[in-house]
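Chemist: Here it is, the structure in full.
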Amino acid sequence: MQLYGIFTYPIVRDQLIANTILVIIATLLVILRFISRRVRQSEIWWDDGFCVAGMLHTYGMLAMQFHYAHVGMRHHVTDLPPENTVTIVKMLIAYQIVYYNAMVLAKFTYLFFYLRIFVSKEFRILTWACMGCAAAYWTGSILQIFLICRPFAKNWNPLLPGHCASQNVAFSTIGAFNLVTDLMIMLLPIRFIWKLQMSLGTKMALYGIFGLGIFISSITIIRIHVLTTVDFLDLPYSMTWAAFWSVTEPALAISNSCAPMLRPILKVVFPNLFASAKAEYTTQPISGPKSTKNRTAERMDEMDSEFPPHTGSRANGIWI
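The UniProt record's numbering applies: residue 1 is where the sequence shown begins, and numbers increase by one.
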């Protein structure tokens, strides 16, 4: 198998540099996420674990993008040795698995974060329903990898007798389901946040975070469009942009999932910026058991270090 310089083509070079920067930024944000947990003495929970797992899969995506460049990405299939083309197609199978894992792990990072802070029964039921949709997305995605060509070896040996369904259609369909689940997850808290008894500034900050998540969903739309243009008869040449967006998407998703946890650190670094932003739990005294809205607001100290430390009991790793 022949190896090529990863910077042979300027477009490949620029994409590798851009994605490397994005992955470095995502890594720094994950580190800051855990520093923030330390600062606030917050429990490490499932959302943090899924975040780290998603980050590790994103590293795998970036590593494979670099290897794609080594084995001939952006070369026409007629200019590559046959073994290079076979390697690229076989790598595509692993690439899909790692990508789908990275995306579903990012989704679960958001959803378990919701379970950490929202106590409303209605909201938690909807969150679990979204988890079911995310699990269905992952299951369907993995199944199509292994079922799209029969026999399986026909993926990289088209001369074998058998049949392959349209990979463009399969990728676009899975991509559309990915987009729908992303929008469900990002839109889920909007109505509930407005009802919380906290300052308007904190609410707007939360809306900004979830709004950024919706914006990131535009990357999914771009990726879906790119997948429809991939020519699988000349995959090494036509896959360049698909490989690029497939790393960009999980890197941005992981980065955005860390945003709610960064406020305590930002307030240490930029104290004057937050001096006037005083969060409130409630606008009026509450007697008896704490209301659902008030308990949820208390859990928002993941995003606001001015909230007092928890003094309640703990159940299953969550303060209540």
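Idealized CB from N, CA, C, for every residue including glycine.
Note that the coordinates shown come from a computational prediction; the quantities given were computed from them, not determined experimentally.
1. Mind checking whether residue 20 and residue 74 have CB atoms under 9 Å apart?
2. Might you give, ordered along the chain, the residues of its own chain that have their beta carbon closer than 7 Å to the beta carbon of residue 170, omitting 5 neighbours on each side?
3. With a threshold of 8 Å on Cβ separation, who are the neighbours of residue 221 within its own chain once the five nearest residues in sequence on each side are excluded?
4. Put residue 309 into one of helix, strand or coil per three-state DSSP.
5. Compare the C-alpha of residue 240 against each of 14, 190, 1 and 3 and name the closest.
6. Short check: CB of residue 184 to CB of residue 32, under 9 Å?
7. Return helix, strand or coil for residue 163, following the three-state DSSP convention.
8. Quick one, are the C-beta atoms of residue 247 and residue 65 less than 9 Å apart?
9. Mind the definition here: the region 253-260 touches the region 225-244 only if three or more C-beta pairs lie below 8 Å; say whether that holds.
10. Could you have a look at residue 223 and say whether DSSP puts it in helix, strand or coil?
11. So is residue 151 buried or exposed if we call it buried at 16+ other beta carbons inside 10 Å?
12. Short of 8 Å in beta carbon distance, which residues of its chain neighbour residue 235, apart from the five on each side in sequence? Order them along the chain.
13. For a quick check, are the C-beta atoms of residue 109 and residue 175 less than 9 Å apart?
14. Excluding five sequence neighbours on each side, which residues of the same chain lie with their C-beta closer than 6 Å to the C-beta of residue 104?
15. Please state if the CB of residue 168 and the CB of residue 230 are separated by a distance shorter than 9 Å.
16. Could you please give the first and the last residue of the uninterrupted alpha helix (DSSP H) stretch that includes residue 146?
17. Threshold first: 3 residues or longer. Then list the beta strand (DSSP E) segments lying entirely within the region 186-238, N to C.
18. Leaving out five residues on either side along the sequence, give the residues of the same chain with a beta carbon under 6 Å from the beta carbon of residue 114.
19. Taking the alpha-carbon positions, what's the residue 182 to residue 111 distance?
20. Within a Cβ cutoff of 8 Å, which residues of the same chain sit near residue 162, ignoring the five residues on either side of it in sequence?
21. With burial defined as no fewer than 16 other Cβ atoms inside 10 Å of the residue's Cβ, what is the status of residue 327: buried or exposed?
22. DSSP has residue 150 in a bridge; who is on the other side?
Modeler: The structure says:
1. No, Cβ-Cβ distance for residue 20 and residue 74 is not below 9 Å.
2. For residue 170, where only same-chain residues beyond five positions count, the Cβ hits under 7 Å are 144 and 148.
3. Excluding sequence neighbours, residue 221 sits near 179.
4. For residue 309, the predicted model reports a pLDDT of 36, less than 50, meaning its position is unreliable and no value from the coordinates is stated.
5. 14 is the residue among 14, 190, 1 and 3 whose C-alpha sits nearest the C-alpha of residue 240.
6. Not a contact, by the Cβ cut-off of 9 Å.
7. Under the three-state reduction of DSSP, residue 163 is assigned to strand.
8. Against a cut-off of 9 Å, the Cβ pair of residue 65 and residue 247 comes out as a contact.
9. The region 253-260, when compared against the region 225-244, does not touch it at the 8 Å Cβ threshold.
10. In the structure shown, residue 223 sits in a helix (DSSP, three-state: H, G or I).
11. Its Cβ having fewer than 16 others within 10 Å, residue 151 is exposed.
12. For residue 235, where only same-chain residues beyond five positions count, the Cβ hits under 8 Å are 77, 85, 88, 89 and 92.
13. No, they are not a contact pair.
14. In its chain, beyond the 5 residues on either side, 134 and 138 have a beta carbon closer than 6 Å to the beta carbon of residue 104.
15. Yes, the pair counts as a contact, with Cβ atoms nearer than the cut-off.
16. Taken as a continuous stretch (DSSP letters only), the alpha helix (DSSP H) holding residue 146 covers 121-147.
17. Whole beta strand (DSSP E) segments, 3+ residues: zero.
18. Once the five neighbours on either side are set aside, the close Cβ partners of residue 114 are 127.
19. Using only the alpha carbons, I get a separation of about 11 Å.
20. Once the five neighbours on either side are set aside, the close Cβ partners of residue 162 are 149, 150, 151 and 154.
21. A query on residue 327 cannot be resolved here, the shown segment of the chain reaching from 1 to 320 and no further.
22. Beta bridge pairing from DSSP links residue 150 with 163.
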